[in-house]
Amino acid sequence: MMLRSRAPKLSGSRLGLLLAILAWRCSADLIINPMPLSEFVNGTSIFWGGPQDGQDDPFEMRLPPGACGYGEMDSKMWPFYLVTGISASSPLVQQRPLASCGTCLEVKCVSTDPKVCVGTGTVTVVVTDECPSCAPYELNMHAFAFEQIARLEYGKTAIQYRQVECSPADNITVRVDSFRVVQGGWIRLSIKGVASDAGIVSVELARSLTAAVGSNSTVGAADATQTAAQAASGADASGRVWKPMENTYGAEWELSALPSPPYDLRITDKFGRKLVLTGVIAKAGQTGEFPGGGQFPALTAATVSAYKSSLPIEVPVAANSTASLPTRPPTSPPANATKLAATTKPTVTAATAAPATVSAATTKPAAATTTAATPAVTPKPAVTAAATPKPATTAAPTP
242 MMLRSRAPKL SGSRLGLLLA ILAWRCSADL IINPMPLSEF VNGTSIFWGG
292 PQDGQDDPFE MRLPPGACGY GEMDSKMWPF YLVTGISASS PLVQQRPLAS
342 CGTCLEVKCV STDPKVCVGT GTVTVVVTDE CPSCAPYELN MHAFAFEQIA
392 RLEYGKTAIQ YRQVECSPAD NITVRVDSFR VVQGGWIRLS IKGVASDAGI
442 VSVELARSLT AAVGSNSTVG AADATQTAAQ AASGADASGR VWKPMENTYG
492 AEWELSALPS PPYDLRITDK FGRKLVLTGV IAKAGQTGEF PGGGQFPALT
542 AATVSAYKSS LPIEVPVAAN STASLPTRPP TSPPANATKL AATTKPTVTA
592 ATAAPATVSA ATTKPAAATT TAATPAVTPK PAVTAAATPK PATTAAPTP
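Residues 242 to 640 in the numbering used here are what the sequence shown spells out, letter by letter.
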């Protein structure tokens, strides 16, 4: 009796995901070879989600909102189901902008059990949520992403992952979550589908000078066309004032005291590259998702090298060295010291931790030196004898 080989059957969910990915791969302006931006690290992965009961069509499914603030995500749009949650104690969350939201990770299965891994390929996932129960190096991938590298029935697998460039085929999407038009105006938004490093460090808003919705321009990190006075005031060469938005949590940015719409957004990534989205928010009070009309290009080796060379070099100082000690401890910290510590951790740690230690080290020895020097300047026995000559008088008539 001959056995007929049978190809594995694709469910509607898998087939739909496969077709969506194929269409995405054929799109234009895709970063074909995403640049690795870190080394592989060891970790583990669990998974969540999967086909819903009685609903096998992924085109009718939406991913629930995560902690990053991207809202519900359409499974037909990038990154499809290729998403992951990450622990708040992950080094990525501590080191990356936006608590690592939007970061792309290339993941591969490295289980020692040959039955767990599916081939030797990798899958690239996007951080869109937090995983409170995860260990620092653990990922919680969607089931459709997990099953591309490991079998679901095992529930968990050893992995290695690293950061790579994100490669969405479409332009950036701006999601306006809230927009209050009274009391001076207030807006909260997130930036979705960011290509390349995806580490946004600054979002600024200004009133658009044109109505050309969707136009964009990209400038480099060394953009020096603004004068010092304009840069200090936030104004550009045209005199517009760019108002910096505040990253309140995840990928969400907020701003109050708004100018009149339409609005342009100026986005700066980790490498100092700036992208201007023109007329992206057209009317006051509008919420929803709006096409940004622009996208960051792929990184170059020269850009990465220039960024690394610009990073400050931390030189350890010996404990008994006084070369870098201030002449006197600071009398009062700046009023915004607490806020700076919360928003610019790498810079403040290097700048403020040392003065705090130095202040404690220099104040106490100064007090000790003064105490030790006091007997030499005003000896207590001499002062007592001079001030109270009574003992000398008493001693004279004794013989």
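In this text, a Cβ means the ideal position worked out from N, Cα and C, and glycines have one as well. This structure is a prediction, so every number in the text was calculated from the model and none was measured.
Start and end of the alpha helix (DSSP H) containing residue i?
| i | result |
| --- | --- |
| Phe387 | Ala384 to Phe387 |
| Thr544 | Ala542 to Ser551 |
In angstroms, rounded to a whole number, what distance separates the CA positions of residue i and residue j?
| i | j | result |
| --- | --- | --- |
| Lys524 | Pro503 | 6 Å |
| Met486 | Val368 | 22 Å |
| Thr344 | Thr285 | 18 Å |
| Pro553 | Val545 | 15 Å |
| Val417 | Gly529 | 5 Å |
| Asn412 | Thr519 | 13 Å |
| Gly291 | Ala384 | 5 Å |
| Asn283 | Gly480 | 50 Å |
| Lys397 | Ser419 | 38 Å |
| Gly533 | Lys356 | 45 Å |
| Pro299 | Asp370 | Residue confidence is low: Pro299 scores 48 on pLDDT, short of 50, so the model does not pin down where it sits. No coordinate-derived value is stated. |
| Ser501 | Lys511 | 29 Å |
| Gln527 | Glu445 | 18 Å |
| Thr672 | Ile400 | Shown here, the chain extends from 242 to 640; a query on residue 672 therefore has no answer. |
| Pro320 | Leu516 | 21 Å |
| Pro377 | Leu450 | 46 Å |
| Ser374 | Phe537 | 34 Å |
| Phe387 | Leu393 | 7 Å |
| Thr395 | Tyr548 | Position check: residue 395 holds Tyr in this sequence, whereas Thr was assumed. Distance between the alpha carbons of Tyr395 and Tyr548: 42 Å. |
| Ser279 | Gln424 | 45 Å |
| Ser497 | Ser443 | 16 Å |
| Gly535 | Lys317 | 20 Å |
| Ala306 | Pro332 | It is Pro, not Ala, that sits at residue 306 in the sequence shown. Spanning the two alpha carbons is a distance of roughly 23 Å. |
| Thr361 | Lys349 | 7 Å |
Can you tell me the Cβ-Cβ gap for residue i and residue j, rounded? I've got them flagged as a contact below 8 Å.
| i | j | result |
| --- | --- | --- |
| Ile508 | Ile432 | 6 Å |
| Lys404 | Leu346 | In the sequence on display, residue 404 carries Gln and not Lys. About 6 Å; that satisfies the 8 Å criterion. |
| Ala391 | Cys358 | 6 Å |
| Ser341 | Val351 | The pair is not a contact, with the Cβ atoms about 22 Å apart (cut-off 8 Å). |
| Ile522 | Val422 | Ile522 to Val422, Cβ: 12 Å. No contact. |
| Val324 | Val366 | 6 Å |
| Glu642 | Met314 | Residue 642 lies beyond the range of the chain shown here (242 to 640); nothing can be said about it. |
| Ile272 | Ala539 | 5 Å |
| Gly426 | Leu499 | 3 Å |
| Trp483 | Leu430 | At roughly 15 Å, the Cβ-Cβ gap does not stay under 8 Å, so Trp483 and Leu430 are not in contact. |
| Gly434 | Asn381 | About 21 Å separates the two Cβ atoms, so there is no contact after all. |
| Ala447 | Pro409 | The Cβ separation is near 25 Å, so there is no contact. |
| Glu379 | Ile287 | 7 Å |
Distance cutoff 9 Å, beta carbons only. Does residue i sit that close to anything in chain D?
| i | result |
| --- | --- |
| Thr325 | Absent from the structure: chain D. Only one protein chain is present. |
Classify residue i as helix, strand or coil using the three-state DSSP reduction.
| i | result |
| --- | --- |
| Leu499 | coil |
| Ser341 | helix |
| Pro332 | helix |
| Glu394 | helix |
| Thr629 | No answer about Thr629 holds up, because its pLDDT of 43 lies below 50 and its placement is not dependable. |
| Trp289 | strand |
| Val367 | strand |
| Pro319 | Reading off the sequence shown, one finds Trp at residue 319, where the question assumed Pro. Residue state, collapsed to three classes: coil. |
| Met314 | strand |
| Gly362 | coil |
| Gly284 | strand |
| Cys309 | coil |
| Pro355 | coil |
| Val482 | strand |
| Glu493 | strand |
| Asn381 | strand |
| Glu301 | Residue placement at Glu301 cannot be trusted, given a pLDDT of 48 that sits under 50; the coordinates are not used to answer. |
| Leu278 | coil |
| Glu406 | coil |
| Cys375 | coil |
| Leu346 | strand |
| Thr519 | strand |
| Gln401 | strand |
Along the chain, where does the beta strand (DSSP E) containing residue i start, and where does it finish?
| i | result |
| --- | --- |
| Thr488 | The sequence given here has Asn at residue 488, not Thr. Where Asn488 is concerned, the enclosing beta strand (DSSP E) stretches over Glu487 to Tyr490. |
| Gly326 | Val324 to Ile327 |
| Glu445 | Ile441 to Arg448 |
| Trp427 | Trp427 to Lys433 |
| Glu530 | Gly529 to Pro532 |
| Ile508 | Tyr504 to Asp510 |
| Phe537 | Where Phe537 is concerned, there is no enclosing beta strand (DSSP E), given that its DSSP letter is neither H nor E. |
| Lys524 | Counting along the chain, Lys524 falls outside any beta strand (DSSP E), and DSSP gives it neither H nor E. |
| Asp438 | Here Asp438 belongs to no beta strand (DSSP E), and DSSP marks it neither H nor E. |
| Val415 | Thr414 to Arg421 |
Check whether the Cβ of residue i sits closer than 8 Å to any heavy atom of the ligand MN, and report yes or no.
| i | result |
| --- | --- |
| Val351 | The ligand MN is absent from the structure shown, which contains no ligand whatsoever. |
- Item | Cβ contact (3+ pairs, closer than 8 Å) linking the region 303-315 and the region 484-498 | yes
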